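Asks: The structure that follows is given in the form of structure tokens.
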Ligand code: ATP
Ligand code: MG
């Protein structure tokens, strides 16, 4: 019987993983510049955490969670997103006691039982950030500017930053009533899901991808026109700060988010290049969440990026696999023994070196060196060994010259100086 992986859960293989490492290190670098520290939390939490934070009537909680009962009878869930877990840890360890401002980031797998398709999987990966303890619109603008800096850094420039405000518990209820009245007058035009949402989660109707629902809601009232004074000022200031640093954005008055905890500023990084899966990063403010989860009344804001979608977008801009600096092709037992020692010495000195393990012909060793894209090959046989030399072959032009084995490291480093990055492990 052959074993296969689970539908919608992917292996990330050599050749692809270099792009992931590139994205992760770019994120670490940019986030560190903005003062964010990494936090690592478990992939499983008590189900109650996600119910309470994401919201009972959201798609995630209603139908997408991987929930199971463990042997002790506790209902656990594989995390569908990172914010709830990070806030749980933030509260549990009283991070606010040590520092009134917490800037955190995380990266790792998330799990949602969705219909797998391009850019949508059941195990997917997010890189996310959270800033807790700051109300000031400057943190909103900083986080948005940081997101844009990340995208600039990785060389993706075709994305649009869209922003909106979802108001707060003061102004949203009145808006919600107006929206419900608007939707109730158009029930017949809405899809089955949205007809249900009109009472359970009416804002989500604005987010429905069905053509009928989109058409029916073209004239729907927008939260932006119903913000209270505080939310209106906050949003205006976010925009002022974004303008001041030249971060481009578009206001999307229809944008809502699929999680209940969002307040005020919400945003998405949107691409036209991934079909229906157009959001690459998404986030917003969650001023009530820490309190709701039993912590102090602290505001927060954050976002999460989908790593699979980032990697898809990078496409052929993806990072090349690392090639070795040198391949040692050895003929005969003694030369093979020496090749092993040379490899070991050069690795200790920081160069990636490969050898053949199968005692194959020179021709097939050269083929392997070529496949690994080694720029240099050292060829040694019994005769070379006796003289303490080897033939150094330059794969680019097939030229060859004799080198002393005692100077091998220095020679290879000198030859590679003009070369970009081969063999140098990060
Ligand atoms: P979508 O509207 O595409 O379903 P979402 O609103 O559910 O996205 P969030 O919960 O805001 O997404 O997650 C943030 C990011 O995580 C998304 O913008 C996307 O890049 C990524 N993401 C979410 N769900 C998946 C998934 N099932 N597979 C791959 N990436 C995902
Ligand atoms: Mg979703």
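In the numbering used here, the protein residues as written are 60 to 485.
Backbone N, C-alpha and C define an ideal beta-carbon position, used for all residues, glycine too.
Please read these numbers as outputs of a predicted model, since none were measured by experiment.
#1: Rounded to the nearest angstrom, what separates residue 484 and residue 371 at their Cα positions?
#2: At a cut-off of 6 Å, would you count residue 217 as near ligand 1, judging by its Cβ distance to the nearest heavy atom?
#3: Do you know offhand how far residue 254's Cα is from residue 263's?
#4: By the three-class DSSP mapping on this structure, what secondary structure does residue 55 have?
#5: Report all residues from its chain with a CB closer than 6 Å to the CB of residue 313; omit the five preceding and five following residues, and keep chain order.
#6: If I measure Cβ to Cβ from residue 390 and keep anything under 7 Å in the same chain, skipping five residues before and after, which residues do I get?
#7: For the candidate residues 137, 104, 159, 326, whose alpha-carbon lies nearest to that of residue 170?
#8: Return the bridge partner residues of residue 189 from the DSSP annotation.
#9: Just list the alpha helix (DSSP H) runs in the stretch 235–271, keeping only unbroken ones of 4 residues or longer that don't cross its boundaries, in chain order.
#10: Helix, strand or coil: how does DSSP classify residue 277 here?
#11: If we ignore side chains and look at the alpha-carbon of each, how far apart do residue 465 and residue 434 end up?
#12: Under the DSSP definition of a beta bridge, which residues are partnered with residue 169?
#13: In this structure, does DSSP put residue 414 in helix, strand or coil?
#14: Are the Cβ atoms of residue 243 and residue 275 separated by less than 7 Å?
#15: Which residue wins for smallest C-alpha separation from residue 181, given the options 192, 187, 168, 193?
#16: Just to confirm before moving on: does the CB-CB distance between residue 194 and residue 358 stay below 7 Å?
#17: For the alpha helix (DSSP H) containing residue 321, name the first residue and the last one.
#18: Please determine, among 430, 280, 223, the residue with the shortest C-alpha to C-alpha distance to residue 200.
#19: Are there three or more Cβ pairs, one per stretch, closer than 8 Å when the stretch 155–169 is compared with the stretch 183–192?
#20: For the stretch 99–114 against the stretch 305–324, do three or more pairs of beta-carbon atoms, one drawn from each stretch, fall closer than 8 Å, so that the two count as touching?
#21: Output the residue ranges of the beta strand (DSSP E) runs that lie fully inside the stretch 291–330 and measure 3 residues or longer, sorted by chain position.
#22: If you draw a straight line from the alpha carbon of residue 257 to that of residue 122, how long is it in whole angstroms?
Replies: Quick answer:
#1: The residue labelled residue 484 in the question sits at position 425 within the chain shown. The residue labelled residue 371 in the question sits at position 312 within the chain shown. Only weak support is given to the placement of residue 484: the predicted model assigns it a pLDDT of 49, under 50, and the question is left unresolved by the model.
#2: Counting from one through the chain shown, the residue named residue 217 turns up at place 158. Checking the Cβ of residue 217 against ligand 1 gives no.
#3: Here the question's residue 254 lines up with position 195 in the chain shown. Here the question's residue 263 lines up with position 204 in the chain shown. If I take the Cα positions, the gap works out to 11 Å.
#4: The question about residue 55 has no answer here: the residues shown for the chain are numbered 60 through 485.
#5: The residue labelled residue 313 in the question sits at position 254 within the chain shown. Excluding residues within five positions, the ones whose Cβ falls inside 6 Å are 265.
#6: Looking up residue 390 in the chain shown gives position 331. Excluding positions up to five away in sequence, the list reads 421, 440.
#7: For the purposes of this step, residue 170 is taken as the residue at position 111 of the chain shown. Closest by alpha carbon: 137.
#8: Here residue 189 refers to the residue found at position 130 of the chain shown. Beta-bridge pairing links residue 189 to 163, 361.
#9: 251–259
#10: Counting from 1 along the chain shown, the entry for residue 277 is found at position 218. Residue 277 falls in the coil class under three-state DSSP.
#11: Here residue 465 refers to the residue found at position 406 when the chain shown is read from its first residue. Here residue 434 refers to the residue found at position 375 when the chain shown is read from its first residue. Near 20 Å, if we compare the C-alpha coordinates of residue 434 and residue 465.
#12: Counted from its first residue, the chain shown places residue 169 at position 110. Paired residue(s): 183.
#13: Translated into positions along the chain shown, residue 414 becomes position 355. Looking at residue 414 - three-state DSSP - the assignment turns out to be strand.
#14: Locating residue 243 in the chain shown gives position 184, where the first residue counts as 1. Locating residue 275 in the chain shown gives position 216, where the first residue counts as 1. Cβ distance not < 7 Å, so residue 243 and residue 275 don't count as in contact.
#15: Locating residue 181 in the chain shown gives position 122, counting from the first residue. Closest option to residue 181, Cα to Cα, is 168.
#16: Counting from 1 along the chain shown, the entry for residue 194 is found at position 135. Counting from 1 along the chain shown, the entry for residue 358 is found at position 299. In this structure, residue 358 lies closer than 7 Å to residue 194 by Cβ.
#17: By one-based count along the chain shown, residue 321 stands at place 262. That residue, residue 321, is in no alpha helix (DSSP H); it is neither H nor E in DSSP.
#18: To locate residue 200, count along the chain shown from 1; it is residue 141. Cα-wise, what sits closest to residue 200 is 223.
#19: yes
#20: yes
#21: 322–329
#22: Taking the chain shown and counting its residues from 1, one reaches residue 257 at position 198. Taking the chain shown and counting its residues from 1, one reaches residue 122 at position 63. Near 18 Å, if we compare the C-alpha coordinates of residue 122 and residue 257.
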